[in-house]
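Chains as they are written, first to last, in numbering that gives the first Met the number 0: chain U, 0 to 592; chain A, 0 to 592.
Number of protein chains: 2
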Amino acid sequence: MSEIKIPLRDMRFAMREMLDWDQHYETLGFEDASPDVVDAILDEGAKFCENVLAPLNQIGDQQGCTWNDGEVTTPEGFKEAYQQFVEAGWPSLAHSVDHGGQGLPPSLGTALSEMVGTANWSWGMYPGLSHGAMNTLEAHGTDEQKETYLTKLVEGSWTGTMCLTEPHCGTDLGILRTKAEPNDDGSYAITGTKIFISAGEHDMAENIVHIVLARLPDAPAGTKGISLFIVPKFMPESGDRNQVVCGSLEHKMGIHGNATAVLNFDGAKGFLIGPPNKGLNCMFTFMNTARLGTALQGVAHAEVGFQKSLAYAKDRLQMRALSGPKNPEGAADPIIVHPDVRRMLLTQKAFSEGGRMLTMLCAKQVDRTQAGSEEEKQEANDLLAFLTPIAKAFLTETGFESANLGMQCFGGHGYIAEWGVEQNVRDARIAMIYEGTTGIQALDLLGRKVLMSQGELLRKFTKIVHKFCQAEIDNETLAPFVTKLQEINKEWGEVTMHVGAKAMENPEEVGAASVDYLMYSGYAVQAYLWALAAKVASDNLAAGTGEQDFYNAKLATARFYFDRILPRTATHASAMLSGAENLMSLDAEHFSF
Amino acid sequence: MSEIKIPLRDMRFAMREMLDWDQHYETLGFEDASPDVVDAILDEGAKFCENVLAPLNQIGDQQGCTWNDGEVTTPEGFKEAYQQFVEAGWPSLAHSVDHGGQGLPPSLGTALSEMVGTANWSWGMYPGLSHGAMNTLEAHGTDEQKETYLTKLVEGSWTGTMCLTEPHCGTDLGILRTKAEPNDDGSYAITGTKIFISAGEHDMAENIVHIVLARLPDAPAGTKGISLFIVPKFMPESGDRNQVVCGSLEHKMGIHGNATAVLNFDGAKGFLIGPPNKGLNCMFTFMNTARLGTALQGVAHAEVGFQKSLAYAKDRLQMRALSGPKNPEGAADPIIVHPDVRRMLLTQKAFSEGGRMLTMLCAKQVDRTQAGSEEEKQEANDLLAFLTPIAKAFLTETGFESANLGMQCFGGHGYIAEWGVEQNVRDARIAMIYEGTTGIQALDLLGRKVLMSQGELLRKFTKIVHKFCQAEIDNETLAPFVTKLQEINKEWGEVTMHVGAKAMENPEEVGAASVDYLMYSGYAVQAYLWALAAKVASDNLAAGTGEQDFYNAKLATARFYFDRILPRTATHASAMLSGAENLMSLDAEHFSF
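Set out below in structure tokens:
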């Protein structure tokens, strides 16, 4: 099994050179996030991820979590690694100083999450799930709730969960059944079963803070009758065990190191957070951040697949190059000489590096939603609202594709557990499902974001692209990228108009076009980012950089992307414009005979 | 876990209605394969697969095979099922009566293999691997070898393997190291390590006949120095254990029910089969059949994914249709009302049914290579040579896509082992790798078959398509299909010319275009087959069939295929025409920094 390296050089390229985070932090007033501090955090984080977390990744997969009478034991080394993580202060990095946080920008937390996820996604979910709970408490908790729970979560001595899904409902939370009945002391008795609760029970922290969706008595039906509750595993004051018990763990395809729990709430003591019946609204506030977290998973698995197959492709000798031996003294040539192996490697490279650019662009907007004028905040919010479903769905789809290409480079050896590439495929697969499937993200993008804003959210992005194209149209190196980018940018608006017009007549047209629309949008966004990367690279080359090979590789990858990946938009455009009839005409009973 | 049904109605549609196997069997002189007999075989085979094999599929995955000091125990029930299989005479179905076979057409064996594979792919590999050994013996064995080994394999009391791969070589057999040294008695002492040997050791049959690739002393280097040997696990006369021992089993992503063995040959007694140093040529004779067997795996997993997700989509209630409730008395609508769920189901349906048409078309050619005039045989051989790499690679790629879409329809529940859809994904993944990866099939298609024949093999197929289009151009129902099919058929020739011209200048252009060329060809072949299916359906509808719903569903699926799947050719055409430069420019050391 090859070692994983955190791609620090590439992270700095995206963060600093493409998206100018140094200036951005200064503008937003994050005084502590000076370039030196950021560098030190990235270096230290990378060390921890490479040396402590990465070696536990395969162990986590092999051992999994074990359930015994409600107690869950995590794989060997997970608990100790978490203690080190807490001692080093990583959980508090990007949280408010009011609750013990270090007050650094959220985007720096995203960079840390990417590094952790690349090293060991399953492990990273334990601290990762705490974020949802922390954000919910920060925005909607009372001062007392913040004092009691948030401080512990920020410190990392407790972890959090989000308890949404029930056996009969995941996407459709409007039909959830868990009930919350008032106790005399102002608390509530929570009763019901929640499933698929990531990090729902474990031995890594002193306490677990569950944020639970439930219905108050006489709550309105549907999504307007859902409230949010804090349900601690142990009561903060008394230390008594609360009536929330892990009934079992799911046997899953992957992410074995993370405990996916069935939680039985049997009159568990809970505390209302936020206004009654507004639970879903409170949740939606943080959907973008949670989805951005899952988008990182796509980048992480693309990166892991790429690193492993690149190392293997340089090492494995098999067949001679079609144009003659490249390693004549060896028994055969390294497989990286073969164009089709390079096609697979470059696809992974384009998706992992391009995915990083997109998640970093989103993370930058998260920072911007927290500072500056209301107008600036709204602008950042709009951009984030538009980009988030794309980042979540597109990057997890391409992350899975990349993980699979990584396996394909290994041939038969990739199917064997030893090399860790099949684990990477299994772990990557869940990302297209949880936090809203690709289909759900696509409806969010096309229906809720693009069409409900009458195209406004799309236009805000295409204007950025247009401006870029206008500025670079005379740059000779960039001309081939800019020309194609302009075409795509124009077509993007046109297909949106077409689909929107159809949707006015038949709402099913939205669902019929949605996933192709999302994938189209993903390739379009990536085209902009790769053109931007090419600009940064060509500027550096023109200025006489000492890193010629690095920047030339960026240009080569941009060319590969435009030549071989971007043409996928043609297929998605045709499919989405073909209309709903070819999907809806068949009676449900006539799909099979 | 839902039950698997063998899709008999659809198999009959492809075999009988589309490809006219009844007439075909009569023409070739397979007198025993009358329509009644074929029907009885399909019905009985389906019963055995549904009742005996399918219930063992999940058990096989959960228990896997266990190794103990060289002995391998297969999962519970596997051995008993194999006994029943042998007792019912299934192994001998399509083998020559000279060696105890039933003499039925090879294509009927393909139909049986599809059924077995759909029910339980891992189990099916035990009898499946015997075919390679049987075919090798039949074509190249001496009468004595046939008498000793072939009869037992046909009977099924022994099974066979093909021992090709070694730790340092899979694709590149020219560098294999296993050696065969002559003994005084005319036999050979075989020494070396073979890996990834499917069904390499197990407890299901009395004996195992390994067909082993090895080098004679002083054999020429490379592929021209490889010979074939029979190495039995137990010596046929004495019953003595031969020096071939299973050193371990691989821990794999899937197909856990099948034993993937490391075999150590330590001076094992072997017998030369075929001429010395011509082993690889002998193997290539049967490559098409073995690859067709793997193509079936794509169809099998597409079918399983489709059946499971279709049942789930009709049952699972989640959200309301965008055009208003379809199940107002329920808490929500079944998810099959949602257009994007239908898109996923129809994609699986198009790939499983379309894949079946292609494997059946190939199987028909296998029959034809064994009877008729030399010219007819050559015609069948050419068509088979052209279609086989497409069937193997395209159908395993689309089979994996379908298996994944099946999981996607299940949402989070699909990631859990319980429903068997994640097993289906894991099992499907190997098919794109073994028996030659997608990349290897693509080089075979574009380099060896199309370009080396100066396009002749392609033209033989496009002429069939052209003739079909000419005949149906005035058929109103078929017009939309025929028009698009004509365009694709023309473009297919053009892109081949382009790539061929480039390849004359730079051989790397072949590898650079190959996989996109193969996928393009797959979609083109499927377009022909779906147009043909539409013709059969529309003919039946015009004639006043009693199965209107069935034939209308075929027409609807053909429409879906042409509207939403066939446009993928545009992407592949662009990518393959973009040339090798965008793959080859980057130095191997500059892929990552």
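Note that beta-carbon positions come from the ideal geometry of N, C-alpha and C, so glycine has one too.
So which residues on chain A does Asp171(U) lean against when the C-beta distance must stay under 7 angstroms? Neighbours of Asp171(U) on chain A, chain order: Gln317, Met318 and Ala331.
So what's Ser584(U) in DSSP terms, helix, strand or just coil? Of the three classes helix, strand and coil, the one that applies to Ser584(U) here is coil, per DSSP.
Chain D partners of Ser513(U), CB-CB under 7 angstroms? Any reference to chain D falls outside this structure, whose protein chains are U and A.
Hey, would you say Met431(A) sits closer than 8 angstroms to Gln422(U), going by beta carbons? No. Outside cutoff.
Compile a chain-ordered list of the residues in the region 265 to 285 of chain A whose CB is closer than 8 angstroms to at least one CB of chain U. Closer than 8 angstroms at the C-beta level to chain U, one finds no residue of the region 265 to 285 of chain A.
Could you give the residue range of the beta strand (DSSP E) that holds Asn263(U)? Thr259 to Ile272 is the span of the beta strand (DSSP E), which, as asked, contains Asn263(U).
At a Cβ threshold of 8 angstroms, is Leu585(U) touching chain A? At least one CB of chain A lies nearer than 8 angstroms to the CB of Leu585(U).
I want to verify the contact list: residues of chain A whose CB lies under 9 angstroms from the CB of Val509(U), in sequence order. For Val509(U), the chain A residues whose C-beta falls within less than 9 angstroms of its own C-beta are Leu321 and Pro338, listed in chain order.
Asn505(A) and Ala579(A) - do their beta-carbons sit closer together than 8 angstroms? Contact annotation: Ala579(A) and Asn505(A) have beta-carbon atoms nearer than 8 angstroms.
Work out the CA separation of Met203(A) and Arg447(U) for me, nearest whole Å. If you draw a straight line from the Cα of Arg447(U) to the Cα of Met203(A), it is about 58 angstroms long.
By the 10 Å Cβ neighbour count, where 16 or more other Cβ atoms means buried, how is Pro388(U) classified, buried or exposed? Its Cβ being crowded by 16 or more others within 10 Å, Pro388(U) is buried.
Chain-ordered neighbours of Ile196(A) on chain U, where CB pairs are closer than 8 angstroms: Neighbours of Ile196(A) on chain U: none; closest Cβ ~11 angstroms, over 8 angstroms.
Quick check: the Cα distance between Met286(A) and Tyr560(U), rounded to an integer number of angstroms? If I take the Cα positions, the gap works out to 35 angstroms.
Beta-carbon separation (whole angstroms), Tyr516(A) vs Val535(A), contact threshold 8 angstroms: Their Cβ separation, rounded to whole angstroms, is 29 angstroms, which puts Tyr516(A) and Val535(A) out of contact at 8 angstroms.
Using 8 angstroms as the threshold, is the C-beta distance between Thr109(A) and Gly173(A) below it? In terms of Cβ geometry, Thr109(A) and Gly173(A) do not form a close pair [threshold 8 angstroms].
How is Tyr311(A) classed by DSSP in three states: helix, strand or coil? In the three-state DSSP reduction, Tyr311(A) falls in the helix class (H, G or I).
Please report the distance separating the alpha-carbon of Pro6(U) from that of Ser95(U). Counting only the Cα atoms, Ser95(U) lies some 28 angstroms from Pro6(U).
Would you tell me roughly how many angstroms separate the C-alpha atoms of Asn581(A) and Gln57(U), rounded to the nearest one? Each residue's alpha carbon lies about 35 angstroms from the other.
Quick check on the DSSP output: the alpha helix (DSSP H) that includes Pro105(U) runs from which residue to which? Where Pro105(U) is concerned, the enclosing alpha helix (DSSP H) stretches over Pro105 to His139.
Apart from the five residues on each side of it in sequence, which residues of its chain come closer than 6 angstroms, Cβ to Cβ, to Cys168(A)? The beta carbon of Cys168(A) sits closer than 6 angstroms to the beta carbons of Ile174 and Leu175 from its chain, once the five residues preceding and following it are set aside; these are given in chain order.
Asn326(U) to Glu588(A) span [Cα, whole Å]: Near 15 angstroms, if we compare the C-alpha coordinates of Glu588(A) and Asn326(U).
Within the present structure, is the beta-carbon of Pro54(U) separated from the nearest heavy atom of the ligand MN by less than 7 angstroms? Ligands in the displayed structure: none, and consequently the ligand MN is not present.
May I have a chain-ordered list of the alpha helix (DSSP H) segments no shorter than 4 residues that lie completely inside the region 337 to 397 of chain A? The qualifying runs are 338 to 367.
Using a Cβ-Cβ cut-off of 7 angstroms (strictly less than) and excluding sequence neighbours within five positions of Val24(U), which residues of its own chain qualify? Note that residue 24(U) corresponds to Tyr in the displayed sequence, not to Val. If we look at Tyr24(U) and ignore the five residues flanking it on each side, its Cβ neighbours are Ala32 and Pro104.
Compute the Euclidean distance between the alpha carbons of Leu357(U) and Val340(U), then round it to the nearest angstrom. Each residue's alpha carbon lies about 26 angstroms from the other.
Are the region 452 to 470 of chain U and the region 455 to 466 of chain A in contact at 8 angstroms, needing three or more beta carbon pairs? No: fewer than three Cβ pairs fall under 8 angstroms.
Expressed to the nearest angstrom, what Euclidean distance is found between the alpha-carbon atoms of Thr395(U) and Gly253(U)? Going by the C-alpha atoms only, they are around 15 angstroms apart.
Using 8 angstroms as the cut-off, can you tell me whether the region 240 to 249 of chain A makes contact with the region 263 to 270 of chain A, which would need three or more C-beta pairs spanning the two stretches below that distance? Yes, the region 240 to 249 of chain A touches the region 263 to 270 of chain A.
Would you call the region 550 to 557 of chain U in contact with the region 290 to 310 of chain A, where contact means no fewer than 3 C-beta pairs closer than 8 angstroms? Counting C-beta pairs with one atom in each stretch, the region 550 to 557 of chain U and the region 290 to 310 of chain A have fewer than three that are closer than 8 angstroms, which means they do not touch.
Please confirm if the region 537 to 544 of chain A is in contact with the region 478 to 487 of chain A, defined as three or more CB-CB distances below 8 angstroms between the two stretches. Per the Cβ contact rule, the region 537 to 544 of chain A is not in contact with the region 478 to 487 of chain A (fewer than 3 Cβ pairs under 8 angstroms).
Quick one: which chain U residues come within Cβ less than 7 angstroms of Asn581(A)? Under the 7 angstroms cutoff, chain U gives Arg558, Phe559, Asp562 and Arg563.
For Ile429(U) and chain A, any beta-carbon pair shorter than 8 angstroms? Closer than 8 angstroms to some Cβ of chain A, the Cβ of Ile429(U) qualifies, so yes.
Closer than 7 angstroms, Cβ to any Cβ of chain A: which residues of the region 47 to 72 of chain U, in chain order? Hits within the stretch: zero.
Per DSSP, which one or two residues make a beta bridge with Tyr277(U)? First, the residue type needs correcting, since residue 277(U) is Lys and not Tyr in the sequence shown. In the DSSP assignment, the residues bridged to Lys277(U) are Ile225(U).
What is the DSSP secondary structure of Cys162(U), reduced to helix, strand or coil? Strand, per DSSP.
Under the three-state DSSP convention, the category Pro6(U) falls into: In this structure, DSSP gives Pro6(U) a state outside helix and strand, which the three-state scheme calls coil.
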